[in-house]
Amino acid sequence: MRTSLHPALTITASLIFAILVAPLFIILGAAVSDTSYLTFPPQGFTLRWFTNIFEISAFRTTAITSLQIAMLGTALALLIGIPAAYALNRFRIRLPSWLANVFVLPILVPEIVLGFSLLKSVTISLGLPVFLVLLLGHALLVLPYAVRVVGASLASFDFSIEEAAISLGCPPLKTFFTVVLPNISAGVIAAFILAFITSMNDVSVSLFLTGPGISTLPIQILAHMEQFFDPTIASVSVLLMVLTVGVMAIVEATLGLTFLTK
Amino acid sequence: MTVSLTLDSVTAHYGSTQVLKDLSLAVAAGELVSLLGSSGCGKTTTLRLVAGFLEPTSGSIRLGERDLTRLPAHQRNIGLVFQNYALFPHLSVRDNVAFGLKQRGLGAAERLKKADAMLERVGLASFAERMPAALSGGQKQRVALARALVIEPPLLMFDEPLSNLDAKLRVDMRVEIRRLQRANGTTSLYVTHDQEEAFSISDRVAIMNAGRIMQLDRPEVLYQRPANSFVARFVGFENLIPMRVSARDGGAVTAQTDAGATLTLSQDAFGAIPDRFVLAARPDGLAVTRAGEGRPAGIPVTLGIRTYLGRAYQYQCSTPGGDYLGNGPLTEPLEPGSSAILSPVPEQCCILPPED
Ligand SMILES: Nc1ncnc2c1ncn2[C@@H]1O[C@H](COP(=O)(O)OP(=O)(O)O)[C@@H](O)[C@H]1O
Ligand SMILES: [Mg+2]
Chain A
18 MRTSLHPALT ITASLIFAIL VAPLFIILGA AVSDTSYLTF PPQGFTLRWF TNIFEISAFR
78 TTAITSLQIA MLGTALALLI GIPAAYALNR FRIRLPSWLA NVFVLPILVP EIVLGFSLLK
138 SVTISLGLPV FLVLLLGHAL LVLPYAVRVV GASLASFDFS IEEAAISLGC PPLKTFFTVV
198 LPNISAGVIA AFILAFITSM NDVSVSLFLT GPGISTLPIQ ILAHMEQFFD PTIASVSVLL
258 MVLTVGVMAI VEATLGLTFL TK
Chain B
15 MTVSLTLDSV TAHYGSTQVL KDLSLAVAAG ELVSLLGSSG CGKTTTLRLV AGFLEPTSGS
75 IRLGERDLTR LPAHQRNIGL VFQNYALFPH LSVRDNVAFG LKQRGLGAAE RLKKADAMLE
135 RVGLASFAER MPAALSGGQK QRVALARALV IEPPLLMFDE PLSNLDAKLR VDMRVEIRRL
195 QRANGTTSLY VTHDQEEAFS ISDRVAIMNA GRIMQLDRPE VLYQRPANSF VARFVGFENL
255 IPMRVSARDG GAVTAQTDAG ATLTLSQDAF GAIPDRFVLA ARPDGLAVTR AGEGRPAGIP
315 VTLGIRTYLG RAYQYQCSTP GGDYLGNGPL TEPLEPGSSA ILSPVPEQCC ILPPED
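Residue numbers (this note's numbering), protein chains in the order written: chain A, 18 to 279; chain B, 15 to 370.
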């Protein structure tokens with residue numbers, strides 16, 4: 018049985034879809050335009066803007082920095098976030114209710130404010146190396162994802178199986194790794210992906226924390242655009258898009274996309 | 015190796031709320047004792063104390079010669095069966111059963127052999143490869159049972175293991191639990207809120223209320239000779255009549271209800287009668303007869319609704335002191351609204367200490 022949709026609904030949905038997809042097409046078009054400035058529709062066809070990315074060393078180094086920061090920052094956030102989410106769920110009735118919100122604060126605080134305060138307090142006052150500060154900033158930025166997404170899968174975790182394991186002779190810490198972790202692995206992977214993508218895309222926090230010689234890819238894109246405004250920007254965007262789509266395709270193939278929105 | 019379980023004056027708190035009050039309990043070696051009581055009375059808390067998931071504020075817990083009181087939970091060697099099965103969702107049925115053996119450092123081959131033998135015993139040999147999600151409730155509980163039994167623990171504990179199963183399966187499973195428990199002679203503590211289940215499966219039953227054990231005895235004794243009003247009410251003594259002795263004449267005791275009705279009770283029939291007591295009776299134990307000349311003395315009542323029970327009529331009886339339920343013979347149906355006499359049937363009644 019097919020229920021027919023109201024025409025207005027069909028039109029609205031198509032319109033929203035078009036608005037969402039249009040920029041992607043525009044960027045794709047702009048990236049292959051054989052002009053020295055960003056333009057759409059493309060004039061001519063060339064792939065030189067794509068090769069150009071790899072010729073500009075700043076793109077290479079910042080891409081590597083971004084990947085490192087995203088990897089390590091996400092790992093750090095999970096290292097803190099998983100135990101935090103565990104404790105929040107396991108001891109929910111014994112903990113004050115505001116505690117859970119503390120871990121979501123970085124989402125609520127505008128990123129600009131987060132970046133600025135980190136600049137003031139960590140970079141300037143403590144004089145830590147730029148890379149370390151970037152790493153800490155990103156870890157803080159993505160911590161809420163780690164806590165929330167892992168927390169969501171712990172919320173449906175039945176803690177009595179942990180007690181079952183302990184009663185069978187498994188020490189508590191080992192129980193966490195042999196019984197709890199395997200059952201929340203989907204949440205951990207989801208948290209990793211969301212946090213990783215967030216970190217890779219971040220501009221506002223990084224803007225304050227990048228320093229001499231160290232920058233991230235989004236900041237480099239921004240800087241390049243201010244200077245040149247050529248289609249390289251569009252082609253980088255296309256590559257980032259392909260990367261994101263690739264990650265999503267892997268998620269879809271292994272876990273199903275709905276799992277990210279659960 | 016069968017050992018006894020002893021809880022000695024155990025007190026437990028959640029935060030500042032006291033949940034168990036000076037609870038003492040002894041389960042003999044090989045015995046199955048049930049904790050029976052309504053929700054929230056502290057049954058699960060008692061199990062959690064013994065399992066080591068909660069520390070008592072005071073008192074001690076011993077299993078045979080071992081003092082469990084401060085021993086970490088994973089060193090206690092107790093088999094647990096939960097209401098919600100608590101199987102490991104990421105492990106196959108076989109690996110679930112073998113989990114405890116693995117913790118004990120058994121080699122893979124021996125684990126497999128023991129786990130499969132245990133699955134055979136609970137009738138799930140052909141399900142070894144399945145994941146828990148692909149099992150029915152009854153099968154899950156069998157796996158949980160196998161997982162607890164395979165470590166050959168000196169003590170088994172069950173927390174409402176049958177509550178999530180349907181009625182027919184509940185009866186099958188409880189027979190099976192009893193069979194396996196008997197066969198191994200494992201000392202067991204069993205929690206349920208279902209009286210029939212507790213009475214049918216247990217050697218002895220502890221009836222609990224608000225963190226205390228009200229009476230611990232064989233089901234027959236609890237059913238026929240409750241020790242106090244709480245237990246009496248729990249096992250269906252619907253009439254609890256507070257009384258006060260006004261005169262004693264040899265073996266005959268005259269006592270009054272609060273509303274002033276007089277009963278003469280023979281100590282030969284009822285046993286020793288203290289000055290203040292509660293007369294407890296099921297509807298069977300209060301005979302309803304027509305008021306009139308030559309009838310036995312008793313509590314005068316006005317009859318309310320009459321219910322046909324098959325073996326007798328049951329009447330709602332109202333008196334100025336309260337309402338009672340009594341039974342009358344099928345040969346003499348009485349009309350609602352008429353006056354009647356309620357007289358206690360000695361062998362069906364209990365004399366209990368006063369409530370307060
Ligand atoms: N984790 C807890 N924190 C606070 N109070 C609890 C907790 N668990 C149980 N309680 C309280 O302790 C009392 C006994 O609970 P429990 O032992 O679970 O009862 P039962 O198993 O007999 O239904 C109840 O009043 C319950 O509300
Ligand atoms: Mg309970």
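Note that CB positions come from ideal geometry on N, CA and C, so glycine has one too.
Within a Cβ cutoff of 7 Å, which residues of the same chain sit near residue i, ignoring the five residues on either side of it in sequence?
| i | result |
| --- | --- |
| A:Arg-107 | Phe-176 |
| B:Thr-59 | Ala-26, Val-33, Leu-34 and Leu-68 |
| B:Asp-22 | Ser-38, Gly-73 and Ser-74 |
| B:Leu-442 | Outside the modelled stretch of chain B, which goes from 15 to 370, sits residue 442 of chain B, for which no answer is possible. |
Given the structure, does residue i come close to ligand 2, in the sense that its CB is under 7 Å from one of the ligand's heavy atoms?
| i | result |
| --- | --- |
| A:Glu-180 | no |
| B:Thr-58 | yes |
| A:Asp-175 | no |
| B:Glu-252 | no |
| B:Glu-174 | yes |
How would you write the range of the beta strand (DSSP E) that residue i sits in, first residue to last?
| i | result |
| --- | --- |
| A:His-155 | Run containing A:His-155: none in the beta strand (DSSP E); it sits in the alpha helix (DSSP H), 147–172. |
| B:Tyr-28 | 19–28 |
| B:Phe-172 | 169–173 |
| B:Leu-41 | Strictly speaking, residue 41 of chain B in this sequence is Val, with Leu absent from that position. 31–41 is the extent of the beta strand (DSSP E) around B:Val-41. |
| B:Arg-76 | 72–77 |
| B:Gly-340 | 336–342 |
| B:Ala-354 | 353–358 |
Under three-state DSSP, which class holds residue i?
| i | result |
| --- | --- |
| A:Met-217 | helix |
| B:Thr-60 | helix |
| A:Tyr-54 | coil |
| B:Pro-256 | strand |
| A:Asn-118 | helix |
| B:Met-145 | coil |
| B:Arg-325 | coil |
| B:Asp-130 | helix |
| B:Ala-295 | strand |
| B:Val-302 | strand |
| A:Ile-36 | helix |
| A:Pro-189 | helix |
| B:Asn-223 | strand |
| A:Pro-229 | coil |
| B:Glu-369 | coil |
| A:Ala-30 | helix |
| A:Gly-204 | helix |
| A:Leu-234 | helix |
| B:Ser-272 | Looking at the sequence shown, residue 272 of chain B is not Ser but Asp. Looking at B:Asp-272 - three-state DSSP - the assignment turns out to be coil, as it is neither helix nor strand. |
| B:Arg-320 | strand |
| A:Ile-141 | helix |
| A:Leu-198 | helix |
Going along the chain, which residues of its own chain have a beta-carbon closer than 8 Å to the beta-carbon of residue i, five neighbours each way excluded?
| i | result |
| --- | --- |
| B:Pro-86 | Gly-66 |
| B:Gly-285 | Ile-365 |
Can you list, in chain order, the residues of its chain with a C-beta nearer than 6 Å to that of residue i? Leave out the 5 residues immediately preceding and following it.
| i | result |
| --- | --- |
| A:Ala-102 | Val-164, Val-167, Gly-168 and Leu-171 |
| B:Ala-294 | Ala-246, Phe-251, Leu-254, Cys-364 and Leu-366 |
| B:Phe-102 | Asn-110 |
| B:Pro-334 | Ala-273 |
| B:Phe-96 | Asp-173 |
| A:Leu-89 | Leu-152 |
| B:Arg-226 | Lys-35 |
With a threshold of 7 Å, establish whether the CB of residue i neighbours any heavy atom of ligand 1.
| i | result |
| --- | --- |
| B:Val-41 | no |
| B:Thr-31 | yes |
| B:Cys-55 | yes |
| B:Ile-221 | no |
| B:Tyr-204 | no |
| B:Gly-73 | no |
Going by DSSP, what residue range makes up the alpha helix (DSSP H) through residue i?
| i | result |
| --- | --- |
| A:Ala-11 | Residue 11 of chain A falls outside the range modelled here, since chain A spans only 18 to 279, and no answer is possible. |
| B:Gln-238 | 233–238 |
| B:Gln-209 | 209–215 |
| A:Ala-270 | 249–271 |
| B:Ile-191 | 181–198 |
| B:Arg-247 | 243–248 |
| A:Ser-134 | 128–135 |
| B:Leu-49 | From DSSP, B:Leu-49 is part of no alpha helix (DSSP H) but of the beta strand (DSSP E) over 46–50. |
For residue i, is the beta carbon positioned less than 7 Å from some heavy atom of ligand 4?
| i | result |
| --- | --- |
| A:Ser-216 | Ligand 4 is not part of the structure shown, which contains ligand 1 and ligand 2 as its ligands. |
- Task: Starting from the N-terminal side, write out each stretch of the alpha helix (DSSP H) that is 4 residues or longer and does not extend beyond the segment 41–94 of chain A.
- Result: 65–72
- Please specify which runs of the alpha helix (DSSP H), each continuous and at least 4 residues long, are wholly inside the segment 93–129 of chain B, giving them in chain order. 107–117
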